[in-house]
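The sequence shown lines up with residues 2 to 592 when you count with this note's numbering. Structure, as structure tokens:
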Amino acid sequence: MRQNIWRRIYDIIVPYRTYLLLSMAVLLVLTGMGIYSPVWSSRLLGTALPTCDRNLFIKCVLILFVIQIATSLLSYLYSYQMRVLGGRVVFDLRRRMYDHLQRLSLGFYESRSSGEIISRMMNDVNSITSLVTGTVLNILISSFKAVVLLGVLIIESPKVTMVAVAVMPLHFLGYFFFRARITNYAWKSSEKMSQIYGKISEVLGAMKMVKSHSGELRESRALITQLRESYDINLYSGNLSNIWGHATGNISYVGQVLVTVVCGFAVLNDGLPLEKYILLLTYVGMLYAPVSELIGVVQQILPAKVGIRRVFEIMDMEPEVADRPDGLRQIQAGKVVFNNVSFAYEQGDQVLKNVHFAAEPGKVTAFVGPSGSGKTTIANLIARFYDRSTGELTIDGSDIQEYTLRSLREQMSMVLQETYLFRGTILDNIRYGKPDATLEEIEESARLANAHEFICTMPDGYRSLIGSSGTRLSGGQRQRIAIARALIRNPRILILDEATSALDTVSEAKVQEALQHLMKDRTTFIIAHRLSTIKNADQIVVLKAGRVEQVGRHEELIVQEGLYRELYDPEWAKEQKRLRDERIERLAQVA
């Protein structure tokens with residue numbers, strides 16, 4: 002069961018309660034000095050000046066000066082404590098959220114844009130900071146100040162207190178009128194900012210495609226439209242807050258006018274001392290101030306709660322692929338067996354249906370078939386990016402779910418068609434596969450991947466910067482670095498997903514040679530369309546519409562009638578099509 006939102010906020014700030022308690026103590030002292038200061042101000046204006054009492058005048062000025070200096074110093078201390086508290090809360094929450102994001106399954110990232118996730122992690126986390134560093138304490142202090150001032154006013158003049166309190170309930174009518182509206186527009190504003198972040202992230206990541214299609218103007222217009230919508234939402238929300246704030250100020254002004262009239266007649270008719278008149282007016286003004294502060298705090302809480310809910314919405318998500326901390330940690334041989342495995346995404350689309358095959362240790366298994374036949378899905382199940390729906394999937398005779406995710410993936414490498422390289426040096430990217438790798442290990446992996454030669458021709462060798470996603474390298478060079486990164490892990494299981502499909506003939510030859518080193522003595526899975534990539538595989542699994550149509554070696558499958566021969570023997574496929582068309586034509590004539 003999910004905890005109450007305030008309880009969860011308390012759990013976040015409780016490690017920093019020392020800073021919070023110190024800040025509260027400072028605020029209490031500041032509140033006390035704020036309440037004490039009008040006493041000397043009223044004496045200065047109501048007694049010292051009218052009676053020309055020089056000694057009292059000097060005393061009042063000195064005490065007010067000391068209070069002001071002390072207030073400034075304590076205010077600085079309070080602000081410093083709040084900055085420390087806010088910074089630590091943001092640091093801790095963003096760290097926890099980032100760690101949690103790392104544990105979420107691949108399906109989470111496939112259903113959300115990176116911009117939306119960044120918006121929640123950066124913008125929405127700030128909502129908790131503003132709530133913790135100002136709002137919570139302000140609620141406590143404002144409430145404390147209002148209660149103290151109310152008690153002082155009751156002692157000084159019950160009549161004035163009744164007049165001042167009479168208008169206070171009007172302050173809270175605005176809460177019931179504005180709360181739902183401001184909350185609704187705060188949510189819309191956060192969602193719109195997520196969309197804007199997502200749009201910017203998407204366009205910047207595809208800038209080459211945008212420019213190649215002359216899409217700069219279209220993208221600018223699309224973003225301007227979203228920015229204008231965000232502007233309208235924020236403008237309307239700001240107007241609601243301003244109207245609420247002005248209504249609060251006017252109600253307070255009406256109360257002060259009533260108190261001024263009552264106290265004024267008391268001075269004129271009942272001989273109320275001027276000093277007490279000034280003191281009562283000051284205290285009434287100070288009584289309305291914390292009430293206005295509370296209204297202001299509520300205006301901060303409403304959008305802050307929206308941001309907090311969006312943060313906790315992510316934090317409450319559980320990984321679709323659950324880890325097993327006490328699971329197996331070592332793959333011995335690497336034998337992978339699919340036994341009637343079926344898989345469907347949450348949307349209900351059946352991707353795999355009763356898939357059955359066995360991949361022996363040290364052998365190469367290739368998957369071929371039309372697009373959408375389930376080849377990549379099988380690779381995702383082996384890497385346990387998803388869990389199967391039904392059937393059995395074992396490695397070395399143990400269910401794949403009995404292995405911990407970390408140990409499983411540490412003994413597995415993937416080389417994908419769309420190679421991703423991080424911004425940084427070649428050294429950093431190869432070492433990503435094994436963070437503690439030595440320079441000698443990195444160079445050896447690069448040699449086996451046919452990458453060492455071109456790396457040495459670069460200005461800074463292995464320390465050459467390659468730009469974001471390796472934009473300063475060719476496609477073949479990026480693939481060879483990816484292969485070196487996979488080699489350095491020394492995995493038991495290797496998955497190659499269209500690793501050479503986007504390369505030219507020369508680059509493919511070099512990458513294929515590197516792949517031969519990579520596949521040696523490993524259980525290897527290849528997803529490819531090119532015959533040159535799969536014909537030497539120990540086993541070829543032919544897929545169609547999520548089902549296994551054929552299994553065998555190239556030499557066996559190419560002479561059998563079936564999907565494989567149709568894909569890789571175009572002359573035979575044409576002849577079969579011609580014969581089918583003739584049969585259909587004869588049947589039509591008979592009919």
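Beta carbons: idealized from backbone N, C-alpha and C, even for Gly. Every value quoted in this text rests on a predicted model; they were computed, and no experiment measured them.
{"Query": "The stretch 110 to 129 / the stretch 187 to 197 touching (three or more Cβ pairs under 8 Å)", "Result": "yes"}
{"Query": "Contact between the stretch 375 to 393 and the stretch 526 to 539 (3+ Cβ pairs under 8 Å)", "Result": "yes"}
{"Query": "Secondary structure of S190, DSSP reduced to three states", "Result": "helix"}
{"Query": "For V342 and L394, believed in contact at Cβ under 8 Å, the rounded distance", "Result": "6 Å"}
{"Query": "Distance, S42 Cα to I64 Cα", "Result": "10 Å"}
{"Query": "Y404, DSSP secondary structure in three states", "Result": "strand"}
{"Query": "Distance between D317 and W7 (C-alpha atoms, nearest Å)", "Result": "15 Å"}
{"Query": "With 16 other Cβ atoms within 10 Å as the buried cut-off, status of M287", "Result": "buried"}
{"Query": "Close Cβ partners of V62 (< 8 Å) along its chain, the five nearest in sequence each way excluded", "Result": "L45"}
{"Query": "Cutoff 7 Å: Q418 Cβ touching any chain D Cβ", "Result": "Absence of chain D from the displayed structure is noted, only one protein chain being present."}
{"Query": "Exposure label - K306; buried when at least 16 CB within 10 Å", "Result": "buried"}
{"Query": "H247 (DSSP reduced to helix, strand or coil)", "Result": "helix"}
{"Query": "Distance between G553 and Y569 (C-alpha atoms, nearest Å)", "Result": "14 Å"}
{"Query": "The stretch 355 to 366 touching the stretch 326 to 342, judged by at least three CB pairs closer than 8 Å", "Result": "yes"}
{"Query": "E419, buried or exposed, once every other Cβ within 10 Å from all chains shown has been counted against 16", "Result": "exposed"}
{"Query": "Backbone secondary structure at R96 - three-state DSSP", "Result": "helix"}
{"Query": "Endpoints, beta strand (DSSP E) assigned at D498", "Result": "I494 to D498"}
{"Query": "Integer Cβ distance of L466 from G425, believed to fall under 8 Å", "Result": "7 Å"}
{"Query": "Spatial neighbours of S202 in its chain, beta-carbon cut-off 8 Å, leaving aside the 5 residues before and after", "Result": "S114, S115, G116 and I119"}
{"Query": "For I467, three-class secondary structure by DSSP", "Result": "coil"}
{"Query": "Buried/exposed call for P492, threshold 16 Cβ in 10 Å", "Result": "buried"}
{"Query": "Selection from A71, V148 and P436 that minimises the alpha carbon distance to V30", "Result": "A71"}
{"Query": "Proximity winner among E442, S374, F423 and D324, relative to A384 (alpha-carbon distances)", "Result": "D324"}
{"Query": "Span of the beta strand (DSSP E), counted from its first residue to its last, around M415", "Result": "M413 to L417"}
{"Query": "Inter-stretch contact (C-beta, 8 Å, three-pair minimum) for the stretch 241 to 252 and the stretch 160 to 172", "Result": "yes"}
{"Query": "Rounded separation between I443 and F313 - CA only", "Result": "41 Å"}
{"Query": "Nearest-angstrom Cβ-Cβ length linking M520 and V416, presumed shorter than 8 Å", "Result": "In fact, because the Cβ distance is near 10 Å, the residues do not count as touching under 8 Å."}
{"Query": "Residue(s) in a DSSP beta bridge with V552", "Result": "V542"}
{"Query": "Chain-order list of residues whose beta-carbon lies under 6 Å from that of D388 (same chain, five-residue window excluded)", "Result": "V322"}
{"Query": "In DSSP terms, what T19 is bridged to", "Result": "None; T19 has no bridge partner."}
{"Query": "Buried versus exposed call for G152 [16 or more other C-beta atoms within 10 Å across all chains shown]", "Result": "exposed"}
{"Query": "When T130, I489, L474 and Y404 are compared against Y421, the one with the closest alpha-carbon", "Result": "L474"}
{"Query": "Bridge partners - E294, DSSP secondary structure assignment", "Result": "In DSSP, E294 forms no bridge with anything."}
{"Query": "Distance between A483 and S372 (C-alpha atoms, nearest Å)", "Result": "24 Å"}
{"Query": "Near the ligand PLP: L228 beta-carbon under 6 Å from a heavy atom", "Result": "The ligand PLP is not part of the structure shown, which contains no ligands of any sort."}
{"Query": "Where the alpha helix (DSSP H) through K160 begins and ends", "Result": "P159 to A167"}
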